[in-house]
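These notes are about the structure you will find just below.
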Amino acid sequence: MSTLAGPLPPRRRGLLRRIADSDRPYQILTFVVFAVVWEVYARQWGGLLIPTFGETVAATFELLGDPELWHALYVSNQALAIGFGIAVVVGVPVGIVLGRFPTLERFSDVYLNILLVTPMAAIIPLLVMSVGFGLTSRVILVTVFSIVMVIVNSRTGVRGVDPGLIEMARSFGASERQIWREILLPGALPAIMTGIRLGLGRAVTGMVIVELLMVSVALGGLILEYRGLFMAPLLYGTIVIILAEALLLISVARWCERKLTPWARTNSAKDPR
Amino acid sequence: MIEISGLHKSFVGQDGSTVNALDDVNLTVNENEFLTVLGPSGCGKTTLLKAIAGLIGWDSGDIVIDGQPVRGPGPDRSMVFQNFALMPWATVLDNVAFGMRMRGVGKAEREERARTLIKTVGLSGFETKRPGELSGGMQQRVGIARALAVRPKVLLMDEPFGAVDEQTRRLLQEELLGIWEGQQLTVVFITHSMEEAVLLGDRVVLMSARPGRIAEIVPVPMARPRSHDIGAVGRSPEYVQITAYLWDRLRDMHEEHRDVRAGVTA
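Those protein sequence lines, which keep their order, are chains A and B.
According to the working numbering, the first sequence holds residues 1 to 273 in order.
According to the working numbering, the second sequence holds residues 1001 to 1266 in order.
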């Protein structure tokens, strides 16, 4: 070809090229493989509790038209919204303070680690025994599930702020308050946003687990009910809807992260020096 | 004028021993002088600069600027950092305006002056870019603009061109000289490059390490202005002679230091 030598003319990237470069086709491909394997497996060896892929999809749509599901979603998400809201409102300041004052961290580190590794399911009976089956115990569990991620990441964020920037601010006469507002908080923001996103994932898990294990209401209650009645397609359909909600929430969090901290991406994409 | 007398500063090292970072440092920096400080790494030159900046305390001695003893950072001084110390989340404009904002300059004035300085350092058109989108040399131009924006009497520079490549370094040296020649400004410039110390300075303060002391102050008699052709300055006989002399002294220091260490182990 004649273009082998010399500089290549600037060219718009072709449609195929752009499709191959984006993540979408790979995601679709994995999903198709997954769906086919599921369908084949369920048809060959499936029993009462393993519906086919097609049945599950049909059941999902059926559920979406069912007011009972929407009510369950509403009830479950109450606990999620309040519990996760508390996790953010409490977790971010706690994490920031721990990051700035290492002495406090020495006291708290062991408890944070305990929170990180404790199988939360184990504390649910205790929780229910002390505060009952109501909204409170569900809210508390969602908070406990998600707050660690928020605290740990906020702490890391503050600790990761370049000490050179603090020195710079001080050299221009910045007060301690100005250093907080102008350097520490913006510097920690990318990690805080990551903590919020990861915490959100754990909050959704917490929301479902507490309903499944102890407080049989809302979405968890639906799952248990369908399981009890051997209505496998509806059971899986409910899970699909929960998954879809979680994915949606995490995408929203990721979008906020990008909007609020665009520099964090410019930096990671490029060598810092 | 900066008068430093009997300055001592020691640190406790990791092994518990005391390190004399600065030991009886006496130095006078004249009004509008360009003073360069040269020495091996660990000789306390950055400690000296930070003490003048008011960022760290010291054990004994005095630093007095125009009759006022230094007690902390002040509006008469500003600093340029080796690693640029730019806020990655802020635009070039906001980074340049940062010092003025900390010192309570109003928004309109801040913005106007920031734009003027961005132009001075040759970054017009980059006002809305973030540091991550700039090269190292451009980032340090932002750092210099930020420091000049607060109209300091003394500009403190801590190996400002140590992290940029050779060609960029040359250009920045020329531009810095051009800026300094055009205004009333005292500069204290830390470097580990003999060439840079001689090209830029009116005098070169040569420091020795452990303890950090002033070994010698070498005057640099080459004519000003030098900014129009820094290359010609670098070929002049005086330049060659002074750098050769500084190299001899640095090598002697290195050997003394090695002998001392050998004596300890023998």
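Ideal Cβ placement from N, Cα and C applies to all residues, glycine included.
Closer than 8 Å to chain B by CB, residue i
{"i": "K270 of chain A", "result": "Legend: pLDDT at K270 of chain A = 38, less than 50; position of this residue unreliable, no value from coordinates given."}
{"i": "E105 of chain A", "result": "no"}
{"i": "W180 of chain A", "result": "no"}
{"i": "A42 of chain A", "result": "no"}
{"i": "R138 of chain A", "result": "no"}
{"i": "L184 of chain A", "result": "no"}
{"i": "W255 of chain A", "result": "no"}
{"i": "G195 of chain A", "result": "no"}
{"i": "R17 of chain A", "result": "no"}
{"i": "L108 of chain A", "result": "Note that residue 108 of chain A is Ser in the sequence shown, not Leu. For S108 of chain A, the answer is no, since every Cβ of chain B falls outside 8 Å of its Cβ."}
{"i": "A191 of chain A", "result": "no"}
{"i": "A169 of chain A", "result": "yes"}
Pair within 8 Å by beta-carbon distance, residue i and residue j
{"i": "S154 of chain A", "j": "A203 of chain A", "result": "no"}
{"i": "L200 of chain A", "j": "S146 of chain A", "result": "yes"}
{"i": "T1036 of chain B", "j": "T1191 of chain B", "result": "yes"}
{"i": "Q1173 of chain B", "j": "F1084 of chain B", "result": "no"}
{"i": "V150 of chain A", "j": "A59 of chain A", "result": "no"}
{"i": "M129 of chain A", "j": "I209 of chain A", "result": "no"}
{"i": "E1216 of chain B", "j": "R1249 of chain B", "result": "yes"}
{"i": "P1088 of chain B", "j": "G1057 of chain B", "result": "no"}
{"i": "L305 of chain A", "j": "G206 of chain A", "result": "In the structure as shown, chain A starts at 1 and stops at 273, and residue 305 of chain A therefore has no counterpart that could be examined."}
{"i": "M214 of chain A", "j": "I114 of chain A", "result": "no"}
{"i": "G157 of chain A", "j": "G99 of chain A", "result": "yes"}
{"i": "V1025 of chain B", "j": "T1186 of chain B", "result": "no"}
CB contact below 8 Å: residue i versus chain A
{"i": "R980 of chain B", "result": "Outside the shown range of chain B, which is 1001 to 1266, sits residue 980 of chain B, and nothing can be said about it."}
{"i": "M1079 of chain B", "result": "yes"}
{"i": "R1141 of chain B", "result": "no"}
{"i": "W1247 of chain B", "result": "no"}
{"i": "P1073 of chain B", "result": "yes"}
{"i": "V1150 of chain B", "result": "yes"}
{"i": "M1087 of chain B", "result": "yes"}
{"i": "M1097 of chain B", "result": "The question names Met, but residue 1097 of chain B in the sequence shown is Ala. By this cut-off, A1097 of chain B is not an interface position."}
{"i": "L1055 of chain B", "result": "yes"}
{"i": "M1194 of chain B", "result": "no"}
{"i": "M1157 of chain B", "result": "no"}
{"i": "S1005 of chain B", "result": "no"}
Residues bridged to residue i (per DSSP)
{"i": "D1158 of chain B", "result": "B:I1190"}
{"i": "L1027 of chain B", "result": "B:I1004"}
{"i": "E1216 of chain B", "result": "B:L1206"}
{"i": "V1037 of chain B", "result": "B:I1190 and B:V1205"}
{"i": "V1064 of chain B", "result": "B:E1003 and B:P1069"}
{"i": "T1018 of chain B", "result": "B:V1012"}
{"i": "V208 of chain A", "result": "None, per the DSSP bridge assignment."}
{"i": "R992 of chain B", "result": "This structure gives no information on residue 992 of chain B, because the portion of chain B shown stretches from 1001 to 1266."}
Residue i Cβ short of 7 Å to the ligand SAH heavy atom set
{"i": "L1155 of chain B", "result": "The ligand SAH is not part of the structure shown, which contains no ligands of any sort."}
Selected residue, minimal CA-CA separation from residue i, among the options
{"i": "D1059 of chain B", "options": "B:V1012, B:D1066, B:S1078 and B:L1176", "result": "B:V1012"}
{"i": "P1073 of chain B", "options": "B:Q1082, B:A1051, B:D1062 and B:L1093", "result": "B:A1051"}
{"i": "A1256 of chain B", "options": "B:G1006, B:P1040 and B:S1005", "result": "Per the sequence presented here, residue 1256 of chain B reads as Glu, with Ala not at that position. Looking at the Cα atoms, B:P1040 is the closest of the given residues."}
{"i": "A1197 of chain B", "options": "B:Q1183, B:V1218 and B:S1208", "result": "B:V1218"}
{"i": "M1207 of chain B", "options": "B:N1026, B:C1043 and B:V1019", "result": "B:C1043"}
{"i": "H71 of chain A", "options": "A:T238, A:L184, A:E167 and A:G46", "result": "A:T238"}
{"i": "H1228 of chain B", "options": "B:I1065, B:N1095, B:S1193 and B:E1181", "result": "B:E1181"}
{"i": "E1033 of chain B", "options": "B:Q1183, B:D1165, B:N1095 and B:V1080", "result": "B:Q1183"}
{"i": "E1195 of chain B", "options": "B:T1128, B:G1104, B:P1211 and B:E1238", "result": "B:E1238"}
Margin query: In chain order, what are the residue ranges of uninterrupted alpha helix (DSSP H) at least 4 long that sit wholly in the segment 30-94 of chain A?
Written below: Unbroken alpha helix (DSSP H) stretches of 4 residues or longer found wholly inside the segment 30-94 of chain A: 53-64, given in chain order.
Item checked: Residue ranges of each alpha helix (DSSP H) within the segment 151-239 of chain A, 4 or longer -> DSSP runs (the alpha helix (DSSP H)) wholly in the segment 151-239 of chain A: 163-171, 176-179, 185-213 and 218-228.
Note to self: Restricting to runs no shorter than 3 residues, where is the beta strand (DSSP E) found entirely within the segment 1076-1112 of chain B?
What the structure shows: Every beta strand (DSSP E) stretch that sits fully inside the segment 1076-1112 of chain B and reaches 3 residues is listed by chain position as 1077-1080.
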